[in-house]
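In order, the protein sequence lines correspond to chains A and B. First residue of the first sequence? That's 11 in my numbering, and the numbers climb one at a time after it. First residue of the second sequence? That's 11 in my numbering, and the numbers climb one at a time after it. In this text, a Cβ means the ideal position worked out from N, Cα and C, and glycines have one as well. Data first, discussion second: the structure below is written as C-alpha cells.
There are 2 protein chains.
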Amino acid sequence: MKKIKRRSDCPISYALDIFGDKWTLLIIRDLMFEGKRTYGEFLNSDEKIATNILADRLETLQCAGLIKSETDKQKKSRIIYSLTHKGIDLVPVLLEIVKWSAKYDLKTGAPKQFVEKIKNDKENLMNEITAGLKGENKFYVRSQKTNK
Amino acid sequence: MKKIKRRSDCPISYALDIFGDKWTLLIIRDLMFEGKRTYGEFLNSDEKIATNILADRLETLQCAGLIKSETDKQKKSRIIYSLTHKGIDLVPVLLEIVKWSAKYDLKTGAPKQFVEKIKNDKENLMNEITAGLKGENKFYVRSQKTNK
DNA sequence: TATATTGCTTTCAAAATGCAAGTAATATTC
DNA sequence: GAATATTACTTGCATTTTGAAAGCAATATA
Numbered sequence: 011m012k013k014i015k016r017r018s019d020c021p022i023s024y025a026l027d028i029f030g031d032k033w034t035l036l037i038i039r040d041l042m043f044e045g046k047r048t049y050g051e052f053l054n055s056d057e058k059i060a061t062n063i064l065a066d067r068l069e070t071l072q073c074a075g076l077i078k079s080e081t082d083k084q085k086k087s088r089i090i091y092s093l094t095h096k097g098i099d100l101v102p103v104l105l106e107i108v109k110w111s112a113k114y115d116l117k118t119g120a121p122k123q124f125v126e127k128i129k130n131d132k133e134n135l136m137n138e139i140t141a142g143l144k145g146e147n148k149f150y151v152r153s154q155k156t157n158k
Numbered sequence: 011m012k013k014i015k016r017r018s019d020c021p022i023s024y025a026l027d028i029f030g031d032k033w034t035l036l037i038i039r040d041l042m043f044e045g046k047r048t049y050g051e052f053l054n055s056d057e058k059i060a061t062n063i064l065a066d067r068l069e070t071l072q073c074a075g076l077i078k079s080e081t082d083k084q085k086k087s088r089i090i091y092s093l094t095h096k097g098i099d100l101v102p103v104l105l106e107i108v109k110w111s112a113k114y115d116l117k118t119g120a121p122k123q124f125v126e127k128i129k130n131d132k133e134n135l136m137n138e139i140t141a142g143l144k145g146e147n148k149f150y151v152r153s154q155k156t157n158k
C-alpha cells in the first residue's frame with residue numbers, strides 16, 4: 011500500500027496527484043473504452059508502457075480506489091482488473107478530453123461517430139458506457155472483432 | 011521551439027503528450043480560474059512549482075498553442091500570459107475534473123457553490139468563464155479581494 | 001544612484017522512467 | 001508426466017526528469 015502525496019486541497023491538484031502522468035489515464039482508457047482487463051492487454055497497447063511502470067500504476071490506481079482486481083476463477087494465473095465506481099465516474103472527464111483532442115489533433119485516431127456522439131448525445135453515450143462497465147456486457151468504442 | 015513527442019494517434023494520448031504531468035494543468039487552472047497571468051503569480055500558487063519547471067512548462071504550453079504571451083505595455087519587465095482559444099476549450103475538461111475531485115476528496119478545497127453550479131448549471135457557467143477569458147473582465151472562482 | 005522586481009537560466013543531487021532480463025506460479029502441449 | 005508456454009510481475013541499471021537553490025540580465029522603483 012503506497013500513499014499518494016497531496017500538494018494542496020485544490021481539486022485539480024487532487025486529480026493530478028492520482029493520475030497526473032503520461033500513463034495512468036491510458037490504463038483507464040483501456041479499461042473504459044477498449045475492453046482490456048489484464049496486465050498483458052495493457053502491455054500490448056500502442057503506446058507500449060514499460061512493465062515496471064505498468065505494475066507501479068496499477069498499484070497506485072488500486073490504492074486510490076479507481077480500479078480493483080480479482081483472480082480469474084477459470085484460470086488462476088490470470089488477474090482481471092476493472093474500474094470501481096470512482097473510476098467509472100471519470101467517464102465524463104475522458105469524454106471531454108477525447109472531444110478536445112479530436113478538435114485540435116488533425117491526425118486524431120478518434121472514431122468520428124464516437125466524437126459526434128460525444129457532441130450530440132453525450133448523456134445517452136455516458137449512460138451506455140457506464141451501464142456497460144457496471145454490468146457484464148461491455149461497451150466498446152470499436153467492436154472487438156473488427157479492431158484486430 | 012520544442013516539439014512534443016506523440017506516442018500514438020489516440021486522443022487521450024494526444025492530450026497526455028501535452029499536459030500529462032503533475033504541473034501543466036495547474037498553470038492552466040491558474041489562468042482559467044484564478045486570474046493569474048504572470049510568472050511570479052504562477053510561482054506563488056500553493057503547490058509551489060519549481061522555477062525551472064515553470065519555465066519549461068510555459069514553453070511547452072506555448073509550443074502546443076494553449077497559451078500565448080505578451081510583454082506588458084505599461085511595464086516592459088512584465089510578461090502577461092493568457093489562454094488561447096485552444097486553451098480556453100479545456101474549460102469543460104477542467105470542470106469535469108473539479109466535479110470528480112469534489113465528489114471523492116473529503117477535504118476538497120473546491121468552493122461548494124462552484125461545484126453546485128457545475129452540477130446544475132454547467133452551460134451557463136461555461137459561458138461565463140469562457141466569455142471572461144476571451145474579453146477583458148475576467149471571471150474568477152473566488153473574488154480577487156476575498157481570497158487574499 | 002542604489003535597491004527591487006521580474007522572468008528566467010544554471011547547477012547538481014535525487015527521483016522517476018525506460019529497457020532488458022529474470023522469476024514464480026499456473027496452464028498447456030507433447 | 002515432463003517440457004514448454006503463459007501470466008503477472010520484479011530486479012538491475014542507464015538515462016531522463018525533477019526539485020531545490022543560487023545566479024543573472026533587464027527593467028522599475030525609491
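For a contact meaning CB atoms closer than 7 angstroms, what does B:Y24 contact in chain A?
Here residue 24 of chain B corresponds to residue number 14 of the second sequence, with the count starting at 1. Ordered by position in chain A, the residues that pass the 7 angstroms Cβ test against B:Y24 are S111, D115 and T118.
Got a sec: is the Cβ-Cβ distance from B:I37 to anything in chain A below 8 angstroms?
Your numbering for residue 37 of chain B matches position 27 in the second sequence. It does not: the Cβ of B:I37 has no partner Cβ on chain A nearer than 8 angstroms.
Using a C-beta to C-beta distance shorter than 9 angstroms, which residues of chain B count as neighbours of A:D82?
Indexing the first sequence from 1 puts residue 82 of chain A at position 72. Going along chain B, no residue has its Cβ under 9 angstroms from A:D82, so there is no contact; the nearest lies around 27 angstroms.
Residues of chain A with CB under 8 angstroms from B:C73, in chain order?
In the second sequence, residue 73 of chain B corresponds to position 63, counting from 1. Per Cβ cutoff of 8 angstroms: no residues; B:C73 is ~13 angstroms from chain A at best.
List, in chain order, every chain B residue whose beta-carbon is nearer than 8 angstroms to that of A:D99.
Numbered from its first residue, the first sequence carries residue 99 of chain A at position 89. Neighbours of A:D99 on chain B, chain order: W110, K113 and Y114.
Just list the beta strand (DSSP E) runs in the stretch 35 to 119 of chain B, keeping only unbroken ones of 3 residues or longer that don't cross its boundaries, in chain order.
77 to 81 and 89 to 93
My output table needs one value for A:N157: the three-state DSSP class, helix, strand or coil.
As a working mapping, residue 157 of chain A is identified with position 147 in the first sequence. Any reading at A:N157 needs caution, since the residue's pLDDT is 26, under 50, leaving its predicted position unreliable; the model's value is listed next. Note: A:N157 maps to coil in three-state DSSP.
Is the Cβ of B:I107 closer than 8 angstroms to any Cβ of chain A?
Against the second sequence, residue 107 of chain B aligns to sequence position 97. Yes, contact with chain A.
If you reduce the DSSP assignment to three classes, tell me which class A:A141 lands in.
Along the first sequence, one-based indexing puts residue 141 of chain A at 131. Reduced to three states, the DSSP call for A:A141 is helix.
Measuring straight from C-alpha to C-alpha, what distance separates B:K32 and B:D82?
The sequence position of residue 32 of chain B within the second sequence is 22, counting from 1. The sequence position of residue 82 of chain B within the second sequence is 72, counting from 1. The alpha-carbon of B:K32 is positioned some 29 angstroms away from that of B:D82.
Should A:K12 go down as buried or exposed, given a rule of 16 or more other Cβ atoms within 10 Å for buried?
Locating residue 12 of chain A in the first sequence gives position 2, counting from the first residue. That one is exposed.
Could you tell me how far apart the beta carbons of A:K96 and A:G75 are, in whole angstroms, since I believe they sit closer than 8 angstroms?
For this step, residue 96 of chain A is matched to residue 86 along the first sequence. For this step, residue 75 of chain A is matched to residue 65 along the first sequence. With 8 angstroms as the limit, A:K96 and A:G75 qualify as a contact, their Cβ atoms being about 5 angstroms apart.
Measuring alpha carbon to alpha carbon, tell me which of A:I107, A:L100 and A:N130 ends up nearest B:V103.
Counting from one through the second sequence, the residue named residue 103 of chain B turns up at place 93. When each option's Cα is compared against that of B:V103, the closest is A:I107.
From the beta carbon of A:G45, is the nearest beta carbon of chain B less than 8 angstroms away?
Numbered from 1 along the first sequence, position 35 holds the residue referred to as residue 45 of chain A. Taking Cβ atoms only, chain B never reaches closer than 8 angstroms to A:G45, which makes this a no.
Hey, is the stretch 35 to 43 of chain B in contact with the stretch 133 to 147 of chain A, meaning 3+ C-beta pairs nearer than 8 angstroms?
no
For A:P121, does the three-state DSSP call read helix, strand or coil?
Numbered from its first residue, the first sequence carries residue 121 of chain A at position 111. A:P121 falls in the coil class under three-state DSSP.
Cα-Cα, which of A:Q84, A:L93 and A:Y49 is closest to A:M42?
In the first sequence, residue 42 of chain A corresponds to position 32, counting from 1. Among A:Q84, A:L93 and A:Y49, the Cα nearest to that of A:M42 is on A:L93.
Over what stretch of residues does the alpha helix (DSSP H) that includes A:I14 continue unbroken?
Taking the first residue of the first sequence as position 1, residue 14 of chain A is located at position 4. A:I14 -> no alpha helix (DSSP H), and no H or E assigned at all.
Between the Cα of A:K127 and the Cα atoms of A:T140, A:L105 and A:T118, which residue gives the shortest distance?
Here residue 127 of chain A refers to the residue found at position 117 of the first sequence. With distances taken between Cα atoms, A:K127 lies closest to A:L105.
If we cut at 8 angstroms on Cβ distances, does B:L143 have a partner in chain A?
Position 133 of the second sequence, counted from the start, is the residue given in the question as residue 143 of chain B. So, not an interface residue.
Is the beta carbon of A:T48 closer than 8 angstroms to that of A:I90?
By 1-based counting over the first sequence, the position of residue 90 of chain A is 80. By 1-based counting over the first sequence, the position of residue 48 of chain A is 38. Contact: yes.
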